[in-house]
Amino acid sequence: MNSIQNTVIDLSGEWQLASSDNSHALTINVPGDVHSGLQAAGIIADPYAGRNEDDVQWVAHKDWVLERTFQLDAADVQGHWYLDVESLDTVAEVYLNDEAVLHAENAFRRYRPDVGSVLKAGQNRLRIVIRSSIAAGEKAQAAQPFYIPYSTGNSPIANGNMLRKPQCHFGWDWNIALAPLGIYGTIALKKLAVARIEHVTTRQVPQANGAVDLQVTVTLFAKEPGITGLDFSLDGQREHLDCAVNAGETRITHVFTVDKPSLWWPAGSGEQALSELIVSLAGDSVTRQIGFRTIELLTDPDEAGSRFAFRVNGREIFCRGANWIPADALASRVTPEGVEDLLQSAVDANMNMIRIWGGGFYEPDWFYDLCDRLGLMVWQDFMFACNLYPSTPDFLENVAAEVDYQVKRLSSHPSIALWCGDNELVGALTWFEESRKDRDRYLVSYDRLNRVIETGIKAAAPEAIWWPSSPSVGPLNFGDAWHADGSGDMHYWSVWHENKSFDNYRTVRPRFCSEFGFQSYTSMPVVRQFAEQKDLNVASPVMEAHQKNAGGNERIAATMFRYFRFPKDFSNFVYLSQIQQGLAIRTAVDYWRSLKPHCMGTLYWQLNDTWPVASWASLDYGGNWKAMHYMARRFFQPVAVAAVPSNDGKTISFSMVNDTAEPVTVELQTFLVSLDGKKTPLTAAAGTCSPDRAATLVTIAASDIPKDRLLFWSFEASNGMRGEGHHVEGTYKALDLQPSGLAITTVADADGGYDVTVAASGLALHVMIEADIEGRYSDNAFDLTAGESRTVRFTPKQALAAGQAPVFTGYDLHSCQGNG
């Protein structure tokens, strides 16, 4: 093996940061973003607090210069040196010893410019000038042959669609508008030995006898012809090759035959068996997690249109999950530990898929490693969202390089289920006056972009599953996939954006709903992070600054008027907003799961937040569970029972759904519950549900439920899964609920947690326990009838100081309304 080692100089750490006009100078940690550096230096306040967003807008209008020096011994100067920059956000020039070595204009590309000719013995100076993306976007828009519109509702900072940068950086209807900039990921100076590894891609070829050939293709880069030793290892099985390389790129393929591979399955369907693939040469090594599995997207025609279903290892999998947005609005605040907590919460709520939405980032390698290990299938959008985009040759060339890099980087992950061209660009053709007046021009422009992405993915990963856009009826169909429910994937937003009733979810029969959502406020412990006591009013300027969807507060309030008596104070307003959010999404999921196999996926909008804000997320900023996430754990349970009223309101059917591979017998008990909480048995039923199917267990007449009674139920399946729920005919506000007599007692334990027991003397609907500190509960958002109690465990997010104890509050529907 060649013994010459690459030399690596890690350039992360402390850099000097200054505005280009020298009005500010400080030190900053790299990788990192400029806003976080300014906050750490005390130059700006926390942008997330109060209305500080308005006060820091100046940051994005300036150009910023980052500098550092490093030493190089005279003996090391010779040779082929290059910079390795994983993510540079976004339009920037890089200078080494005052010589320009890189012009960057894509935050989604890895840059490796040669710098050997400008290095010198002794001290070297590296300087990176990051241009204001506001100015860069305006300049690029002015250079277009025709105007390219963008969504002003989502992007209050103009022209973000001109740049290959996370689109939500310019604001969104849930994100703070900061247009951040910085250096993310690896930044290092590296000396090339004979060659370096550019890409490692894999292809799995199943054999008739059950074995799998794993084809490992390595792309090497060399400056000149030579010989290098190349080592392959798969779970300890090692192969060594001595390879000739040419100047430029050389591709080498090695095949491992795995006789009896253990299969990788999505969460809840089997084990996440993983193998470790290592490819290495002198001084360079790449590790990949390999999961042996087959995956198909079924789009065959049927009587309703055409299917949209994933088949993994020969078995159709109903996709239960949510949409993922960046873990934070500022990259410096993202940690692997925090992200793992968010993804683990998805799995804990019985999810098996997340959709990485097209207005953020392609996530780092460790993110997809987590998804592999957790069994979360990934629907991966390319990073285009809700705007129109240029189709000039330079822009498309930049996109082609981005697609090639990202697909080759990520396609070996078993969690990657589908690559999707964009988010809502087909619909965006109808949103702007310019594209409505001249649809042909903008449609052709869009198609050019979409074809570049499609061509790129098929060249980089021929076996990858491609879907042109979300939502989409299918390839080359530019129709309305928001309301066409016969084929493709659907985004259904009529309930939120058109303020329709929750029942409206039952007017569509999607094949796969990849977006639908309803807003709530973030929980009180999080509200108190950005608001003072005087701000605790939903119409206060601070609260409105933390609501980014135009008309969002009005829709939350209007929905409360429709279904509930109005809450008595601010904290109860927050509580009730979260309950109605969960009820909205449960209504959709319960019905769409009952349509299985017609419908084979529900991914609600959205899993997480980028900062503390009113939004559609089921997890608070920081990862605590809102009411909806506790509900999601129930309505996404692999075996579940739901009450589905008929369109005419005369009957209520109990749907049982079975997402497991074995038949289950379900035993159901139903009850009538009076407004003071007394429980009377109504009927019992039992039935068997086939594997991967939904069926009606029993249907009852709505007339069997008196006006002053609620329908409750509980069930148990033969595989041990169980659940409960209730159904209200009409609205909650029509119920003259009696006092619930909710009482809470707590016992601390030696592990730092608390056993919290909640008891009710009357009917307590939608009980939520809340502490004055952040933490997680073993259960929440449940019902109690008269005389019932439940003990849940509370685990604080951070260890408490000696003598400190949380204060717990109990919410329920009666006490929320303040009528007793």
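Quick note on the working numbering: the sequence shown kicks off at 2 and runs consecutively.
Here a beta-carbon is modelled for each residue, glycine too, at the ideal position from N, C-alpha and C.
Asked                                                                                                                                                                             : Found
Could you name each continuous beta strand (DSSP E) segment of 3 residues or more that falls completely within the stretch 114-171, going from the start of the chain to the end? : 123-131
Return helix, strand or coil for residue 380, following the three-state DSSP convention.                                                                                          : strand
Would residue 4 be called buried (16 or more neighbouring beta carbons within 10 Å of its own) or exposed?                                                                        : With a pLDDT of 35 at residue 4, under the threshold of 50, the modelled position of this residue cannot be trusted, and the question is left open.
Taking 8 Å as the cut-off, decide whether the C-beta atoms of residue 344 and residue 298 are in contact.                                                                         : no
If we ignore side chains and look at the alpha-carbon of each, how far apart do residue 795 and residue 784 end up?                                                               : 18 Å
Taking the DSSP output, what are the residues bridged to residue 194?                                                                                                             : Paired residue(s): none; residue 194 is not in a bridge.
Restricting to Cα atoms, I'd like to know which of 686, 591, 163 is closest to residue 152.                                                                                       : 163
Please report how far the alpha carbon of residue 778 lies from the alpha carbon of residue 329, in whole angstroms.                                                              : 23 Å
With DSSP as the reference, label residue 584 as helix, strand or coil.                                                                                                           : helix
Using a Cβ distance threshold of 8 Å, determine whether the stretch 473-490 contacts the stretch 300-307, with at least three qualifying pairs required.                          : yes
Opposite residue 254 in the DSSP bridges: which residues?                                                                                                                         : 218
Output needed for residue 264: all residues of its chain with C-beta closer than 7 Å, excluding positions within five of it in sequence on either side, in chain order.           : 271, 274, 293, 294, 314
In the DSSP output, what is residue 334 paired with across the bridge?                                                                                                            : DSSP, once it has assigned bridges, lists no residue as partnering residue 334.
Do residue 730 and residue 745 come within 8 Å of each other at the CB atom, strictly closer than that value?                                                                     : no
Note the first and the last residue of the continuous alpha helix (DSSP H) segment covering residue 561.                                                                          : 553-564
In whole angstroms, what separates the C-alpha of residue 758 from that of residue 189?                                                                                           : 54 Å
I'd like to check one pair, residue 114 with residue 1: are the Cβ atoms closer than 8 Å?                                                                                         : With the chain running from 2 to 821 in the structure shown, residue 1 is simply not present.
For residue 64 versus residue 130, is the C-beta spacing smaller than 8 Å?                                                                                                        : yes
Give me the Cα-Cα distance between residue 283 and residue 337, rounded to the nearest whole angstrom.                                                                            : 29 Å
Please name the residue or residues paired with residue 725 in a DSSP beta bridge.                                                                                                : 715
Any chance you could list the beta strand (DSSP E) runs of at least 3 consecutive residues sitting entirely within the stretch 614-685, in chain order?                           : 640-646, 652-659, 665-675
With the cut-off set at 8 Å, would you say residue 447 and residue 426 are in Cβ contact?                                                                                         : yes
Is the closest heavy atom of the ligand SAH to the C-beta of residue 741 under 7 Å?                                                                                               : In terms of ligand content, the structure shown is empty, and the ligand SAH therefore cannot be addressed.
Give the C-beta separation of residue 716 and residue 642 to the nearest angstrom, bearing in mind that I take them to be a contact with Cβ-Cβ under 8 Å.                         : 4 Å
Looking at the unbroken alpha helix (DSSP H) that takes in residue 227, where does it start and where does it end?                                                                : Premise fails: residue 227 lies in the beta strand (DSSP E), 227-235, not in any alpha helix (DSSP H).
So the alpha helix (DSSP H) residue 449 belongs to, where does it begin and stop?                                                                                                 : 440-461
Between residue 1 and residue 701, what straight-line distance do the alpha-carbon atoms span, to the nearest angstrom?                                                           : No answer is possible for residue 1: it lies beyond the span of the chain, which begins at 2 and ends at 821.
Helix, strand or coil, according to DSSP, for residue 40 in the structure here?                                                                                                   : helix
Assign residue 573 to one of three DSSP states: helix, strand, or coil.                                                                                                           : helix
Quick one: what does DSSP say residue 567 is sitting in, helix, strand or coil?                                                                                                   : coil
Under 8 Å by Cβ, that's how I've got residue 549 and residue 176 pegged, so tell me the actual separation to the nearest angstrom.                                                : 7 Å
Three or more C-beta pairs closer than 8 Å, one from the stretch 224-233 and one from the stretch 94-113: is that the case here?                                                  : no
Where do the ends of the beta strand (DSSP E) carrying residue 815 lie?                                                                                                           : Note, residue 815: premise wrong, no beta strand (DSSP E); alpha helix (DSSP H) at 814-818.
Out of curiosity, what's the CA-to-CA distance linking residue 140 and residue 392?                                                                                               : 16 Å
State the start and end residues of the unbroken beta strand (DSSP E) segment that holds residue 525.                                                                             : Segment 525-531 is the alpha helix (DSSP H) holding residue 525; no beta strand (DSSP E) there.
Please report the residue range of the alpha helix (DSSP H) in which residue 181 lies.                                                                                            : Run containing residue 181: none; DSSP gives neither H nor E here.
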